[in-house]
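Everything below concerns the one structure shown next.
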Amino acid sequence: MNTQLILKYLADLNENNNREWYHAHKSENKAANTEFETLIQALLFRIGVFDDSVLHHEPKSLTFKLVRDTRFSRDKSPYNPAFRAHISSRGKLPVPVGYYLMIKPGDQSFFGGGLFADMFKDATTMVRDYIVEHGKELEAITKEPEFQKYFTVRGTALKNVPAGYDKSHPQAEYLKFKSWYLEYPFKDEELHDAEAFLTKAAESFRIMKPFNDYLNKALVNFQMPTR
Numbered sequence: 390m391n392t393q394l395i396l397k398y399l400a401d402l403n404e405n406n407n408r409e410w411y412h413a414h415k416s417e418n419k420a421a422n423t424e425f426e427t428l429i430q431a432l433l434f435r436i437g438v439f440d441d442s443v444l445h446h447e448p449k450s451l452t453f454k455l456v457r458d459t460r461f462s463r464d465k466s467p468y469n470p471a472f473r474a475h476i477s478s479r480g481k482l483p484v485p486v487g488y489y490l491m492i493k494p495g496d497q498s499f500f501g502g503g504l505f506a507d508m509f510k511d512a513t514t515m516v517r518d519y520i521v522e523h524g525k526e527l528e529a530i531t532k533e534p535e536f537q538k539y540f541t542v543r544g545t546a547l548k549n550v551p552a553g554y555d556k557s558h559p560q561a562e563y564l565k566f567k568s569w570y571l572e573y574p575f576k577d578e579e580l581h582d583a584e585a586f587l588t589k590a591a592e593s594f595r596i597m598k599p600f601n602d603y604l605n606k607a608l609v610n611f612q613m614p615t616r
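Each residue of the sequence shown is one higher than the one before, starting from 390 at the first, in the numbering used here.
Here is the structure:
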């Protein structure tokens with residue numbers, strides 16, 4: 390797989406973020422997409438070693454489009470110059486949580502996981518309630534030396550513990566969160582060696598798996614809102 394071709398296309402798109410250039414370079418887009426899907430397939434096999442729930446997916450079903458929704462954004466550039474994929478037992482749906490990859494030139498890429506739930510109030514409540522009852526489990530996961538080497542739990546948070554929850558709870562800081570997610574950045578140069586990159590990606594995702602599993606236990610009865 391040619392990971393440098395992926396970076397070059399995205400860098401060119403970033404420099405020429407307009408519809409005319411995009412449509413004039415459809416062959417480059419197709420080639421870069423093919424390489425990205427090849428990368429995702431290889432990553433699926435690596436993840437499958439420790440999480441076989443992802444092995445039934447086709448890479449194309451896990452990726453996101455480059456087109457941006459600019460209706461409510463000050464930035465009117467039509468494309469997001471990034472290749473993204475979310476890998477979980479149910480594909481790219483945000484729940485159940487899984488393994489997220491974003492490749493964006495300019496050292497803006499990262500491996501991610503966890504729950505981006507600011508728009509899902511029910512999911513936030515379910516996780517908070519689960520933390521109340523299973524806080525020690527979360528503490529054990531996040532204090533593992535291997536976890537701390539890679540990750541810090543991030544997310545939009547309130548200033549105070551929300552009403553209805555014990556302010557003195559041992560995991561009170563986590564109860565303030567509305568989302569609980571992980572990000573581990575990597576540099577463009579790390580994509581130059583595809584095999585080494587896959588090894589690092591799989592290792593990152595293996596380490597985050599207990600955190601994802603914890604959230605998925607909290608979200609076992611969550612239903613995605615219908616449009």
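By construction, the Cβ of each residue, glycine as well, lies at the ideal position given by its N, Cα and C atoms.
Just so it is clear, the structure is predicted and the values come from calculations on it, not from any experiment.
Out of curiosity, what's the CA-to-CA distance linking residue i and residue j?
| i | j | result |
| --- | --- | --- |
| Tyr554 | Val609 | 21 angstroms |
| Glu535 | Ile492 | 24 angstroms |
| Ala583 | Pro470 | 20 angstroms |
| Ala585 | Asn605 | 29 angstroms |
| His414 | Asp577 | 22 angstroms |
| Glu528 | Gln560 | 8 angstroms |
| Glu404 | Glu572 | 26 angstroms |
| Val438 | Leu455 | 30 angstroms |
| Lys397 | Thr459 | 24 angstroms |
| Trp569 | Tyr488 | 13 angstroms |
| Glu417 | Gly495 | 19 angstroms |
| Val542 | Thr531 | 8 angstroms |
| Leu402 | Lys556 | 48 angstroms |
In the DSSP assignment, the beta strand (DSSP E) including residue i goes from what residue to what residue?
| i | result |
| --- | --- |
| Met491 | Tyr488 to Ile492 |
Closer than 7 angstroms by C-beta to residue i: which residues in its own chain qualify, once you throw out the five before and the five after it? Chain order, please.
| i | result |
| --- | --- |
| Leu451 | Ile429, Ala474, His475, Ile476, Gly480 and Lys481 |
| Ser442 | Ser478 |
Among residues of its own chain, excluding the 5 on either side of residue i, which ones have a beta-carbon nearer than 8 angstroms to its beta-carbon?
| i | result |
| --- | --- |
| Leu587 | Leu428, Ala431, Leu432 and Arg435 |
| Phe611 | Val484, Phe509, Asp511, Ala512 and Met515 |
Between which residues of its own chain and residue i is the CB-CB distance below 6 angstroms, once the five residues before and five after are set aside?
| i | result |
| --- | --- |
| Pro448 | Glu426, Ile429 and Gln430 |
| Gly544 | Phe566, Ser568, Trp569 and Tyr570 |
| Ala420 | none |
| Met597 | Gly502 and Leu571 |
What are the boundary residues of the alpha helix (DSSP H) that residue i is part of?
| i | result |
| --- | --- |
| Leu571 | First-last for Leu571: Trp569 to Phe575, but that is the beta strand (DSSP E), not the alpha helix (DSSP H). |
| Phe566 | Per DSSP, Phe566 belongs to no alpha helix (DSSP H) and is neither H nor E. |
Decide if residue i is buried, meaning its Cβ has at least 16 other Cβ atoms within 10 Å, or exposed.
| i | result |
| --- | --- |
| Ala552 | exposed |
| Asn549 | exposed |
| Thr392 | buried |
| Ser466 | exposed |
Going by C-alpha to C-alpha distance, which of the options sits closest to residue i?
| i | options | result |
| --- | --- | --- |
| Ala546 | Pro485, Asp440, Lys567 and Pro614 | Lys567 |
| Pro483 | Gly501, Ile395, Ser466 and Gln497 | Gly501 |
| Val486 | Glu522, His558, Asp440 and Met390 | Asp440 |
| Asp464 | Pro599, Asn407 and Gln537 | Asn407 |
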